[in-house]
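Only one structure is covered here, and it is reproduced in the block below.
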Amino acid sequence: MSIEAGVLYVVATPIGNLGDLSPRAVEVLRDVDGIAAEDTRHTAGLLTHAGIRTPLVSLHEHNEERQVPGILSRLQKGEALALVSDAGTPLVSDPGYRLVRAAREAGVRVSPVPGPCAFVAALSASGLPSDRFLFEGFLPARAPARRRRLQALAEETCTLIFYESSHRIAAGLEDMAQVLGGARPAVVARELTKTFEQIQGGTLASLNTWLAEAADHRRGEFVVLVAGAPDAPAQTLDPEAERILALCLREMPLKRAARLTAEITGLPRNRLYARGLEWPGRGSGGEDR
Numbered sequence: 007m008s009i010e011a012g013v014l015y016v017v018a019t020p021i022g023n024l025g026d027l028s029p030r031a032v033e034v035l036r037d038v039d040g041i042a043a044e045d046t047r048h049t050a051g052l053l054t055h056a057g058i059r060t061p062l063v064s065l066h067e068h069n070e071e072r073q074v075p076g077i078l079s080r081l082q083k084g085e086a087l088a089l090v091s092d093a094g095t096p097l098v099s100d101p102g103y104r105l106v107r108a109a110r111e112a113g114v115r116v117s118p119v120p121g122p123c124a125f126v127a128a129l130s131a132s133g134l135p136s137d138r139f140l141f142e143g144f145l146p147a148r149a150p151a152r153r154r155r156l157q158a159l160a161e162e163t164c165t166l167i168f169y170e171s172s173h174r175i176a177a178g179l180e181d182m183a184q185v186l187g188g189a190r191p192a193v194v195a196r197e198l199t200k201t202f203e204q205i206q207g208g209t210l211a212s213l214n215t216w217l218a219e220a221a222d223h224r225r226g227e228f229v230v231l232v233a234g235a236p237d238a239p240a241q242t243l244d245p246e247a248e249r250i251l252a253l254c255l256r257e258m259p260l261k262r263a264a265r266l267t268a269e270i271t272g273l274p275r276n277r278l279y280a281r282g283l284e285w286p287g288r289g290s291g292g293e294d295r
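Positions 7 to 295 (the numbering used here) are the ones given, in order, by the sequence shown.
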């Protein structure tokens, strides 16, 4: 492929198995003028494995703001540069957002070189619903904040996806069971694409037991996937509220009908709106606005 001058290439790298480095990624990393890396020592090992000698510059969460102007200047002068993280797709729970934002705001073209991503790999092998999901990344380190965040997610009906470290996986999974419910289906994916890869499914309660069974189960890098909350049951109203909502729906859009019915009946507008969504042939009141 031909490397273009003045382009920032966002390059995905392996999350474990070095064989997952794509041929295109190798070409880009070999032919750019420089590589901005989260940990230059870690990336140097990957480059050596691939026979690449491109110069590295450090870009991590503690120096990104300071490094962006220099890297941006190089791009504006016509250099082609690559951005990598320690593993997987840059910016997915990794640094690089400030650089990409600054580059785009300055009119610099940013081009993705896609490849491995731990949460996508875990989702694809989890057996949990994948049509809708919420990637949360790392939960807060402190238990009270972590539980508050989980509580805020408790009613989400899509699959929930988290990253977790080895030293917090036990506490994090225990909090998930307590807040989300021990019966909630879940999957723990550990050391994906590496020698000791494990993908363990069950309920949050059974996964807590599995985690405690062996020290090896608590080692490595983790993706935790949790099934969403069950869909709320159909909304039902008393007969008079149903009658008023039905009359309103004949004459106006759903949002306005729910608001007017709420004013008349005193019922919550969101409950009335949810009931209206279930209504067959919602009337001729026009589009919702």
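By construction, the Cβ of each residue, glycine as well, lies at the ideal position given by its N, Cα and C atoms.
Predicted, not measured: the structure shown is a model, and the values here were computed from it.
| Item | Value |
| --- | --- |
| Unbroken stretches of the beta strand (DSSP E), 3 residues or longer, contained in the region 70-109 | 87-90 |
| DSSP state of S117 mapped onto helix, strand, coil | strand |
| C-alpha gap between T209 and V194, whole angstroms | 10 Å |
| Backbone secondary structure at A18 - three-state DSSP | coil |
| Opening and closing residue of the alpha helix (DSSP H) in which A56 lies | T46 to A56 |
| Member of Q82, L27, M182 and L134 whose CA lies at the smallest distance from the CA of A151 | M182 |
| Which of helix, strand or coil DSSP assigns to E67 | coil |
| Cβ-based neighbour list, C123, same chain, cut-off 8 Å, excluding 5 preceding and 5 following | A18, I21, G94, T95 and V98 |
| Local conformation of T271 per DSSP, three classes | helix |
| L253 in three-state terms, based on DSSP | helix |
| Where the alpha helix (DSSP H) through F125 begins and ends | A124 to S132 |
| Own chain residues within Cβ distance below 6 Å of A43, not counting five before or after | T49, L62 and V90 |
| Selected residue, minimal CA-CA separation from G178, among R153, F202 and K200 | R153 |
| Secondary structure of A235, DSSP reduced to three states | coil |
| Residue of A233, G113, T60 and E67 minimising C-alpha distance to D92 | E67 |
| Supposed close pair V32, L87 - CB separation, criterion 8 Å | About 16 Å separates the two Cβ atoms, so there is no contact after all. |
| Inter-residue spacing [alpha-carbon to alpha-carbon] between Y103 and P29 | 25 Å |
| Under 9 Å between C-beta atoms of L27 and G143 | no |
| T267 to R224 span [Cα, whole Å] | 53 Å |
| Cβ neighbour criterion (16 or more within 10 Å) applied to N23 | exposed |
| Whole-angstrom distance between L52 and A109, CA atom to CA atom | 26 Å |
| Inter-residue spacing [alpha-carbon to alpha-carbon] between K4 and L283 | Because the chain here runs from 7 to 295, residue 4 falls outside it and cannot be looked at. |
| Bounding residues of the alpha helix (DSSP H) (the contiguous stretch that carries A196) | Correcting the residue identity first, residue 196 is Arg in this sequence and not Ala. Counting along the chain, R196 falls outside any alpha helix (DSSP H), though it belongs to the beta strand (DSSP E) covering P191 to R196. |
| Buried versus exposed call for E257 [16 or more other C-beta atoms within 10 Å across all chains shown] | exposed |
| Where the beta strand (DSSP E) containing G178 begins and where it ends | Taken as a continuous stretch (DSSP letters only), G178 belongs to no beta strand (DSSP E), being part of the alpha helix (DSSP H) at I175 to L186. |
| Coarse secondary structure for V38, derived from DSSP in three states | coil |
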